[in-house]
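Enquirer:
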Amino acid sequence: MPSSGPVEAKRSPGERLGRCYRRPVTGTADPALLLSRRAQGATSSTIRDILVHASAPGVISLAGGIPAPSSFPMAELRAAALAALEGGTDAVQYGRTDGDPACRAALAGWTDAQVEPEDLVVTTGSQQGLDLVSRVLVDDGDPVVVGDPDYLGSLQALRSHGAQLTAIPVDGDGLRTDVLAERLAAGLRPKLAYVVTNFHNPTGATLSTERRVHLAELAERYGFVVVEDDPYGELWFDAPPPGPVGPGSEHVVRLRSVSKTVAPGLRLGWMAGPRWLLDAVIVAKQSSDLHTSSLSQGVVTALAQDPAWRAAHLDRSRALYRERRDGLVDALHQTFGDAAPFTVPGGGMFVWTRFEGFDATARLLDAVAAGVAYVPGSAFGVDAPDHSAMRLSFATASVDELHEAVRRLHAVVTA
Ligand SMILES: Cc1ncc(COP(=O)(O)O)c(C=O)c1O
């Protein structure tokens, strides 16, 4: 057996293996070292940490993208759950990994008449769709394109699968596909590009029709997958957003959800995309959760039986959030004038603004002490987080509360 050198000999077996094997060698070592390197490297969601403070009594939270409880169709959900259970034991039995055929048929007709039931997979929220797509596409170190800024949950999911994130700026028309084209021409070869096309979280921007066409062309030309994440598209206030990116393309997968338009606790979303990708996703989902809740699928299937009710319900939700969007926009204009620049979102739940010279990250706890919570823009940044930016959600607070929240924010920003 070759002898180890003098330096090597002084190190413990655990230390010698250190870089690639971190398991403790004695029973007294910190058991947390048993966590995988990936788990040790993962950080908790800033949004979730902040929400702990934001839910303190007296605090008006503009932090979470939490749907208004008054938008939940409780009577219809109760009737749908009853109908699902009265339909038999299948409502609580194990089911197919790709989703119950009746539910897939219902979701195919949800808003996308052009999607066939066999071209979609039911997921446990669109967050699971994102996780599964990342899992089947990304190897350690693979370049992945995201927006700058972008949805924190996507950054976390992609990073947890080893993605090397390249952030492309987002402006009032969404992801700057011209900048992406330059980066691709310069040699960037991403596995996938993640984009929230409609009423972006966090900026509220909607990807323009021209950029949708451009993005689909780039994906075909350079051979990457566009992951179109669209949980907000149905929540438009002024006009419906443009159609999906590259319909029918072998390079586009679209994630949808009932979280923002029915209820997030159902944990029900779906993914529509090319067969080669869906087949891999189904295998990955088997080891993740076997299938999405049969009862939730039964509830959504029952709700889908009444398209007239669904249309009326969506109209009510749009009216509710439109009024709140207007409330927040008016309050910001009246209180801050030009000092709080922002693009008025045409739907969704978020306004993205910035206060020059104000450190929204460092002052968050002061804001919470003053009775208002927001998410600092830095939480959504990849390379150079914008510390003066913040995301304000108008989804949960009433119009009166939104005005009061902006008054409190003004006190903190001008203190
Ligand atoms: C852009 C975006 N994608 C995905 C999700 C997760 O949604 P779901 O509840 O469907 O998992 C959210 C939730 O806020 C979101 O904002």
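Under this note's numbering, the first residue of the sequence shown is numbered 15, with each subsequent residue one higher. Note that beta-carbon positions come from the ideal geometry of N, C-alpha and C, so glycine has one too.
1) Beta carbon of Asp104, beta carbon of Ser310: below 8 Å?
2) Looking at Asp44 and ligand 1, is the gap between the Cβ and the nearest heavy atom below 7 Å?
3) Taking 6 Å as the limit, name every residue whose beta carbon sits nearer than that to some heavy atom of ligand 1, in sequence order.
4) Any idea if Arg377 is buried or exposed, counting beta-carbon neighbours within 10 angstroms, 16 or more meaning buried?
5) In three-state DSSP terms, what is Ala419?
6) Quick one: residues in its chain with C-beta nearer than 7 Å to the C-beta of Trp284, no 5 flanking neighbours on either side, listed in chain order?
7) Between Gly247 and Ala286, what straight-line distance do the alpha-carbon atoms span, to the nearest angstrom?
8) According to DSSP, is Phe242 part of a helix, a strand, or is it coil?
9) Within the continuous beta strand (DSSP E) that includes Ser271, where are the two ends?
10) Using the DSSP secondary-structure output, state which residues sit across from Arg225 in a beta bridge.
11) To which residues of the same chain is Ala411 closer than 8 Å at the C-beta, ignoring the five residues directly before and after it?
12) Count the other C-beta atoms from every protein chain shown that fall within 10 angstroms of the C-beta of Gly361, then say buried if there are 16 or more, exposed otherwise.
13) When the Cα atoms are used, what is the spatial distance from Val413 to Leu342?
14) My assumption, with CB atoms under 8 Å, is that Tyr208 sits in contact with Ser168. Please give the rounded CB distance.
15) Tell me whether the beta-carbon of Glu176 lies closer than 8 Å to the beta-carbon of Val152.
16) Do Gly79 and ligand 3 come close, with the Cβ less than 7 Å from some heavy atom?
17) Let me make sure I understand the geometry here. Which of Ser85, Val66, Pro71 and Leu96 has the alpha-carbon closest to that of Val314?
18) Across the segment 216-234 and the segment 323-334, are there enough close Cβ pairs to call them in contact, namely three or more that are closer than 8 Å?
19) Do you know how far the Cα of Ala409 is from the Cα of Met363?
20) Could you tell me the boundaries of the beta strand (DSSP E) in which Ser302 lies?
21) What residues in its chain sit with their C-beta under 7 Å from that of Ser331, if we drop five residues either side in the sequence?
22) Do you know how far the Cα of His214 is from the Cα of Leu166?
Expert: The short version:
1) The sequence position of residue 104 within the sequence shown is 90, counting from 1. The sequence position of residue 310 within the sequence shown is 296, counting from 1. No, the Cβ-Cβ distance between Asp104 and Ser310 is not below 8 Å.
2) Here the question's residue 44 lines up with position 30 in the sequence shown. Asp44 Cβ: outside cutoff for every heavy atom of ligand 1.
3) Gly79, Gly139, Ser140, Gln141, Tyr165, Gly167, Val210, Asn215, Asp243, Pro245, Ser271, Ser273, Pro278 and Gly283
4) Taking the sequence shown and counting its residues from 1, one reaches residue 377 at position 363. Answer is buried; the Cβ neighbour count reaches 16.
5) The residue given as residue 419 occupies position 405 in the sequence shown. Ala419 falls in the helix class under three-state DSSP.
6) Translated into positions along the sequence shown, residue 284 becomes position 270. So the qualifying residues of the chain are Leu121, Leu134, Val135, Val136, Thr137 and Arg270.
7) As a working note, residue 247 is residue 233 in the sequence shown. As a working note, residue 286 is residue 272 in the sequence shown. Rounded to the nearest angstrom, the two C-alpha atoms are 15 Å apart.
8) As a working note, residue 242 is residue 228 in the sequence shown. Residue 242 is actually Glu in this sequence, not Phe. Of the three classes helix, strand and coil, the one that applies to Glu242 here is strand, per DSSP.
9) On the sequence shown, position 257 is the one that residue 271 refers to. Element bounds for Ser271: Val266 to Ser271.
10) Indexing the sequence shown from 1 puts residue 225 at position 211. BP columns for Arg225 are empty, so no partner.
11) As a working mapping, residue 411 is identified with position 397 in the sequence shown. Closer than 8 Å at the Cβ level, and outside the excluded window around Ala411, lie Ile74, Ser75, Leu76, Arg338 and Ala419.
12) Counting from 1 along the sequence shown, the entry for residue 361 is found at position 347. When all chains shown are included, Gly361 counts as buried.
13) The residue labelled residue 413 in the question sits at position 399 within the sequence shown. The residue labelled residue 342 in the question sits at position 328 within the sequence shown. Taking the straight line from one Cα to the other gives about 7 Å.
14) For the purposes of this step, residue 208 is taken as the residue at position 194 of the sequence shown. For the purposes of this step, residue 168 is taken as the residue at position 154 of the sequence shown. At roughly 5 Å, the Cβ-Cβ gap stays under 8 Å, so Tyr208 and Ser168 are in contact.
15) The residue labelled residue 176 in the question sits at position 162 within the sequence shown. The residue labelled residue 152 in the question sits at position 138 within the sequence shown. Residue identity check: residue 176 is Gly in the sequence provided, not Glu. Taking 8 Å as the Cβ cut-off, Gly176 and Val152 qualify as a contacting pair.
16) Absence of ligand 3 from the depicted structure is noted, with ligand 1 being the only ligands included.
17) Start at 1 with the first residue of the sequence shown, and residue 314 comes out as number 300. With distances taken between Cα atoms, Val314 lies closest to Leu96.
18) no
19) Locating residue 363 in the sequence shown gives position 349, counting from the first residue. Locating residue 409 in the sequence shown gives position 395, counting from the first residue. Roughly 5 Å between the two C-alpha positions.
20) Stepping through the sequence shown from its first residue, residue 302 is reached at position 288. Premise fails: Ser302 lies in the alpha helix (DSSP H), Arg289 to Asp303, not in any beta strand (DSSP E).
21) As a working mapping, residue 331 is identified with position 317 in the sequence shown. So the list reads Ser85, Leu249 and Thr275, once near-sequence residues are dropped.
22) Within the sequence shown, the letter at position 152 stands for residue 166. Within the sequence shown, the letter at position 200 stands for residue 214. Taking the straight line joining both Cα atoms gives about 12 Å.
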